[in-house]
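In what follows, a structure is listed as structure tokens, so that the remarks can point back to it.
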Amino acid sequence: MMKGIKKWRLFSLVTALMVFLSGCGDERLSTLKPAGQVGRDQLNLMVLSTGIMVLVIVVVMIVYILVIMKFRRSKVGENVIPKQVEGNHTLELIWTIIPIILLLILAVPTVIATYNLADVSGMDKKDEDGNAKAVTVNVKANLYWWEFEYPDLGIVTAQELVVPTKEKVYFNLIAADVKHSFWIPAAGGKLDVNVDNLNKFYLEFDNASDGLEDGVFYGKCAELCGPSHALMDFKVKSLERDDFDAWAADMKASAEEQTPEGDVAQQGQEIFNTSCITCHAVSGSGSTGGVGPNLATFGDRNRVAGFMEHNEEKIKAWISNPEEYKPGNLMPQPKEINNGKDFTDQELTALTEYLMGLSVED
């Protein structure tokens, strides 16, 4: 009976591991399918280090098995002591030099790749007209959302990073509250986002993300930062350079106030302007500084609050009780911004209609 239980436990463990590992092949969030040169360099280092570790394990296991087979009691007897090799200079040289060689094989490419990734000199290069040659993004990590400012373009967005393909994109990382970590598994990186100092690095994206499921890569906070750390996700949309330039132009154009279509959406705008506007901007043009995420592209996103499905039901649920879905976040409860009352279903419907209409994409 006990053997049967143990077999089922082993089967359950293997099944759970298979489910966990099934995500390793997902291009949106897998380090094993790099989306750019940085990701490939880091994957090569992982393969190299894993290969060295496997080689060491195999050699040690072979020596271990040979020693057990050669000097087992049934073969040499009870009272036989094998020849001692203490002080053997040849063996000591072998097990000293070989580890040093293996460490050098691993250390040299690691150091080279680390310094290459830290080279952000291209961030300051200008063309003949004085315009920045590369795209730079100022990333600010907040509890529990991400803000992305493009200082050279004069635009800002949140929760969805948009980048051009086939060129280096530079990042300035800073935290607004506690320590976070910026990571796009498919592209590489994973760098600390601190409160007191600015970290810089770059990433590259080979192809547009529109061919992926949901049309985006997935990014995460990789540093335990609070009760909703696991929900601090963001999305990355990579576009061909012409499409990126068009998106940037549309973001700048969003500064012009537009009247929403339909009476319900207009009612939602009025509610938003009396309850939500103090924390959230609805224009992609300008600079950072909002208490809450910029909502200029809310209608273009595929997630609510970074992790919930992007539909009317989830939007209403999030506005009604943000603390229930993302504990520790700083978004106020409805009563705090709506004269001490919860939003009615009609008000929630109007707000949802208005928010879904905030879009810069055709």
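Here the working numbering runs 483 ahead of the position in the sequence shown, where the first position is 1. Just so you know, even glycine gets a beta-carbon here, dropped at the ideal spot from N, CA and C. These figures come from a predicted structure and were not determined experimentally.
Residue i versus residue j - alpha carbon distance
{"i": "residue 742", "j": "residue 722", "result": "29 angstroms"}
{"i": "residue 680", "j": "residue 659", "result": "11 angstroms"}
{"i": "residue 671", "j": "residue 514", "result": "7 angstroms"}
{"i": "residue 711", "j": "residue 703", "result": "12 angstroms"}
{"i": "residue 719", "j": "residue 529", "result": "24 angstroms"}
{"i": "residue 705", "j": "residue 510", "result": "18 angstroms"}
{"i": "residue 673", "j": "residue 839", "result": "32 angstroms"}
{"i": "residue 755", "j": "residue 594", "result": "51 angstroms"}
{"i": "residue 831", "j": "residue 616", "result": "44 angstroms"}
{"i": "residue 715", "j": "residue 622", "result": "14 angstroms"}
{"i": "residue 527", "j": "residue 588", "result": "13 angstroms"}
{"i": "residue 826", "j": "residue 683", "result": "42 angstroms"}
{"i": "residue 693", "j": "residue 834", "result": "29 angstroms"}
{"i": "residue 427", "j": "residue 583", "result": "The first residue shown for the chain is 484 and the last is 845, placing residue 427 beyond what the model contains."}
{"i": "residue 592", "j": "residue 685", "result": "18 angstroms"}
{"i": "residue 574", "j": "residue 531", "result": "26 angstroms"}
{"i": "residue 837", "j": "residue 752", "result": "6 angstroms"}
{"i": "residue 563", "j": "residue 545", "result": "23 angstroms"}
{"i": "residue 600", "j": "residue 586", "result": "21 angstroms"}
{"i": "residue 630", "j": "residue 812", "result": "15 angstroms"}
{"i": "residue 791", "j": "residue 805", "result": "11 angstroms"}
{"i": "residue 687", "j": "residue 724", "result": "13 angstroms"}
{"i": "residue 740", "j": "residue 770", "result": "17 angstroms"}
{"i": "residue 632", "j": "residue 778", "result": "13 angstroms"}
{"i": "residue 657", "j": "residue 603", "result": "16 angstroms"}
{"i": "residue 550", "j": "residue 580", "result": "22 angstroms"}
{"i": "residue 607", "j": "residue 665", "result": "22 angstroms"}
{"i": "residue 598", "j": "residue 652", "result": "17 angstroms"}
Residue i - containing alpha helix (DSSP H), residue span
{"i": "residue 626", "result": "Run containing residue 626: none; DSSP gives neither H nor E here."}
{"i": "residue 550", "result": "520-553"}
{"i": "residue 599", "result": "572-600"}
{"i": "residue 807", "result": "805-808"}
{"i": "residue 559", "result": "556-559"}
Opening and closing residue of the beta strand (DSSP E) in which residue i lies
{"i": "residue 700", "result": "700-704"}
{"i": "residue 755", "result": "Not the beta strand (DSSP E): residue 755 falls in the alpha helix (DSSP H), residues 746-758."}
{"i": "residue 646", "result": "643-647"}
Residues near residue i by beta carbon distance below 6 angstroms, same chain, minus five either side
{"i": "residue 727", "result": "647"}
{"i": "residue 578", "result": "none"}
{"i": "residue 787", "result": "793, 797, 798, 801"}
{"i": "residue 708", "result": "661, 663"}
{"i": "residue 820", "result": "758"}
{"i": "residue 810", "result": "710, 711"}
{"i": "residue 525", "result": "671"}
{"i": "residue 817", "result": "825, 826"}
Reference residue i; option with closest CA among the options
{"i": "residue 661", "options": "837, 675, 650", "result": "675"}
{"i": "residue 764", "options": "750, 780, 751, 611", "result": "780"}
{"i": "residue 775", "options": "793, 607, 795, 642", "result": "642"}
{"i": "residue 733", "options": "645, 677, 688", "result": "645"}
{"i": "residue 735", "options": "744, 746, 766", "result": "766"}
{"i": "residue 626", "options": "639, 668, 677, 608", "result": "677"}
{"i": "residue 521", "options": "667, 638, 590, 618", "result": "667"}
{"i": "residue 609", "options": "602, 769, 619", "result": "619"}
{"i": "residue 638", "options": "653, 730, 750", "result": "730"}
{"i": "residue 843", "options": "803, 823, 700, 768", "result": "768"}
{"i": "residue 669", "options": "689, 541, 653", "result": "689"}
{"i": "residue 749", "options": "823, 699, 691, 829", "result": "829"}
Three-state secondary structure (DSSP) of residue i
{"i": "residue 724", "result": "helix"}
{"i": "residue 615", "result": "strand"}
{"i": "residue 791", "result": "strand"}
{"i": "residue 675", "result": "strand"}
{"i": "residue 824", "result": "coil"}
{"i": "residue 660", "result": "coil"}
{"i": "residue 686", "result": "strand"}
{"i": "residue 695", "result": "coil"}
{"i": "residue 707", "result": "coil"}
{"i": "residue 799", "result": "helix"}
{"i": "residue 640", "result": "strand"}
{"i": "residue 604", "result": "helix"}
{"i": "residue 632", "result": "strand"}
{"i": "residue 609", "result": "strand"}
{"i": "residue 651", "result": "strand"}
{"i": "residue 735", "result": "helix"}
{"i": "residue 516", "result": "coil"}
{"i": "residue 718", "result": "strand"}
Close Cβ partners of residue i (< 7 angstroms) along its chain, the five nearest in sequence each way excluded
{"i": "residue 762", "result": "773, 774, 775"}
{"i": "residue 523", "result": "517"}
{"i": "residue 696", "result": "511"}
Other residues of its chain near residue i: CB distance less than 8 angstroms, five sequence neighbours each side excluded
{"i": "residue 548", "result": "none"}
{"i": "residue 568", "result": "574"}
{"i": "residue 691", "result": "648, 721, 722, 723, 726"}
{"i": "residue 605", "result": "616, 617, 651, 653, 685"}
Residue i Cβ short of 8 angstroms to the ligand ZN heavy atom set
{"i": "residue 591", "result": "For the structure depicted, the ligand ZN is absent and the ligand set is empty, with no information on it obtainable."}
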